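Undergrad: Here the protein sequences come in this chain order: Z and W. Under the working numbering, the first residue of the first sequence is numbered 2, with each subsequent residue one higher. Under the working numbering, the first residue of the second sequence is numbered 315, with each subsequent residue one higher. Cβ coordinates follow ideal geometry from the N, Cα and C atoms, glycine included. All figures in this text were calculated on a predicted structure; none of them were measured in a lab.
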Amino acid sequence: GNSVTQMEGPVTLSEEAFLTINCTYTATGYPSLFWYVQYPGEGLQLLLKATKADDKGSNKGFEATYRKETTSFHLEKGSVQVSDSAVYFCALFGGGSEKLVFGKGTKLTVNP
Amino acid sequence: GAVVSQHPSWVICKSGTSVKIECRSLDFQATTMFWYRQFPKQSLMLMATSNEGSKATYEQGVEKDKFLINHASLTLSTLTVTSAHPEDSSFYICSAWRGGGYEQYFGPGTRLTVT
């Protein structure tokens with residue numbers, strides 16, 4: 002079945018540092034890819050998405066590019082802020098299944 | 315727009331009792347609602363998919379008689395944990411989907427503690 006693997010956390014960075022959270026997937030066909038963010042005590046929010054190969058999703062300074070050749074969707078941000086502290090989930094939808102499949106989540110803590 | 319609410323946000327119940335969790339799409343009609351369970355420091359596990367007016371489809375390993383799901387309208391789905399036990403303590407999250415190319419919108423979650 003479909004699966005998502007993302008780097009294990011936790012990740013701790015200083016403010017203004019560069020962030021990369023790796024995500025790779027296994028799926029048949031051409032799934033859509035997502036990054037969700039969960040702030041402390043809150044539900045999941047869609048951060049960005051990409052629906053086909055080479056698409057770049059971006060939002061709030063975060064970016065991720067759908068790389069079919071490497072089956073990856075790595076999340077990046079050039080300069081993180083304290084307010085970015087949250088748990089980030091990579092997910093896919095489609096690729097033979099009408100279910101969202103989540104990675105295990107990566108907790109990010111940004112210190113001032 | 316696209317707000318999903320859950321009620322209650324947290325609940326404590328005694329072992330053997332039942333508890334109902336509501337999931338509402340506040341400003342759109344959801345043809346499908348999903349129920350997830352999230353264990354501490356782990357990912358979301360899909361429990362079941364419910365379509366308005368029909369029986370829920372449960373994932374493998376999820377007891378349908380223990381986790382009763384009702385999707386009575388296009389804006390409301392309920393999850394009832396029957397005869398709860400401490401191992402049912404978890405964070406339950408719902409999401410609502412209007413189908414097609416729309417994304418799923420997630421509720422804020424309900425923390426259940428069974429004592």
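Quick check: what's the CA-CA separation for Z/THR6 versus W/LEU388?
TA: Walking along the first sequence from the start, residue 6 of chain Z turns up at place 5. Walking along the second sequence from the start, residue 388 of chain W turns up at place 74. Their Cα atoms are separated by approximately 34 Å.
Undergrad: Check whether the Cβ atoms of Z/VAL111 and Z/GLU43 sit closer than 8 Å, and answer yes or no.
TA: Position 110 of the first sequence, counting from 1, holds the residue named residue 111 of chain Z. Position 42 of the first sequence, counting from 1, holds the residue named residue 43 of chain Z. Their beta carbons are not under 8 Å apart, which means Z/VAL111 does not touch Z/GLU43 by this criterion.
Undergrad: Among the residues of its own chain, which have a CB less than 7 Å from the CB of W/GLN343, if the five just before and after it don't count?
TA: The residue given as residue 343 of chain W occupies position 29 in the second sequence. Around W/GLN343: LEU388, THR389, ARG412.
Undergrad: Among residues of its own chain, excluding the 5 on either side of Z/VAL102, which ones have a beta-carbon nearer than 7 Å to its beta-carbon?
TA: Within the first sequence, numbered from 1, the residue matching residue 102 of chain Z stands at position 101. Excluding residues within five positions, the ones whose Cβ falls inside 7 Å are ASN3, SER4, VAL5, ALA92, LEU93.
Undergrad: Closer than 7 Å by beta-carbon distance: list the chain Z residues that pair up with W/GLY423, in chain order.
TA: For the purposes of this step, residue 423 of chain W is identified with residue 109 of the second sequence, where counting begins at 1. Simply GLY44.
Undergrad: Taking only beta carbons into account, state which residues of the segment 399-420 of chain W come closer than 7 Å to chain Z, listed in chain order.
TA: ILE407, GLU417, GLN418, PHE420
Undergrad: Pair every Cβ in the segment 336-353 of chain W with every Cβ in the segment 54-64 of chain Z, then say whether three or more of these pairs are closer than 8 Å.
TA: no
Undergrad: By the three-class DSSP mapping on this structure, what secondary structure does W/GLU401 have?
TA: For the purposes of this step, residue 401 of chain W is taken as the residue at position 87 of the second sequence. The three-state reading of DSSP puts W/GLU401 in helix, counting H, G and I together.
Undergrad: Closest Cβ-Cβ distance between W/GLN356 and chain Z: below 8 Å?
TA: Residue 356 of chain W sits at position 42 when you count from the first residue of the second sequence. Answer yes: the Cβ-Cβ gap between W/GLN356 and chain Z drops below 8 Å somewhere.
Undergrad: Would Z/PHE63 pass as an interface residue toward chain W - the criterion being a Cβ-Cβ separation below 8 Å?
TA: By 1-based counting over the first sequence, the position of residue 63 of chain Z is 62. No, Z/PHE63 lies away from the interface with chain W (no Cβ there is under 8 Å from its Cβ).
Undergrad: Counting only Cβ pairs nearer than 9 Å, list the residues of chain Z close to W/LEU360.
TA: Counting from 1 along the second sequence, the entry for residue 360 of chain W is found at position 46. Going along chain Z in sequence order, the residues near W/LEU360 (Cβ under 9 Å) are LYS100, LEU101, VAL102, PHE103.
Undergrad: Under 8 Å Cβ-Cβ, which residues of chain W neighbour Z/GLY97?
TA: As a first step, residue 97 of chain Z is located in the first sequence; it is residue number 96 there, counting from the start. Correct list: empty, because the minimum Cβ distance to chain W is about 15 Å.
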